[in-house]
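Heads up, the sequence shown is in UniProt numbering, so the first residue is 1 and it goes up one at a time.
The beta-carbon is built from N, C-alpha and C at its ideal position, and this holds for glycine as well.
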Amino acid sequence: MSVSTDELITEITGIVAEELGVSTEAVSPDADLRAVEGADSVKVLRVIARIERAHDVELEDEEVFGASTVREVAEVLQRALAETAAV
Numbered sequence: 001m002s003v004s005t006d007e008l009i010t011e012i013t014g015i016v017a018e019e020l021g022v023s024t025e026a027v028s029p030d031a032d033l034r035a036v037e038g039a040d041s042v043k044v045l046r047v048i049a050r051i052e053r054a055h056d057v058e059l060e061d062e063e064v065f066g067a068s069t070v071r072e073v074a075e076v077l078q079r080a081l082a083e084t085a086a087v
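Below you can see the structure in the form of C-alpha cells.
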C-alpha cells in the first residue's frame, strides 16, 4: 500500500508540531524546519527518529540532512517506503 505525499506531510507536520511544542498551523509544509519556533538540531533528529520508527525504515542521512522542509522530508520518506516495498 502506498501512502500519498499529502498524507505523509500531514503526519510529519503533526510529529514536528508535537516535538517542537507548537500548533500544526505553525508548521508550513514548505517552510524551513529550522525556522520553526523551538526548533533545534536535537529536536529535528527526534522527529526523524519518530518517522523512522513509525514506518520501520531507515532514512539515508545525506537525504535527511539535505531536506529542510516538511514536504522534502515527506518526499525522502516516500522514496524510502517505495524502496522497502520493492525489496
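- In terms of Cα proximity to Lys43, the closest of Val16, Leu81, Leu59 is Val16.
- For Leu33, no alpha helix (DSSP H) segment is defined, and its DSSP state is neither H nor E.
- For Thr69, DSSP records a beta bridge to Asp32.
- With a threshold of 16 other beta carbon atoms within 10 Å, Arg71 meets it and is buried.
- Val27 is the residue among Val22, Ser41, Val27 whose C-alpha sits nearest the C-alpha of Thr10.
- The DSSP-derived three-state label of Leu59 is coil.
- A check of alpha carbon separations from Phe65 across Leu8, Val22, Glu19, Leu77 identifies Leu77 as the nearest.
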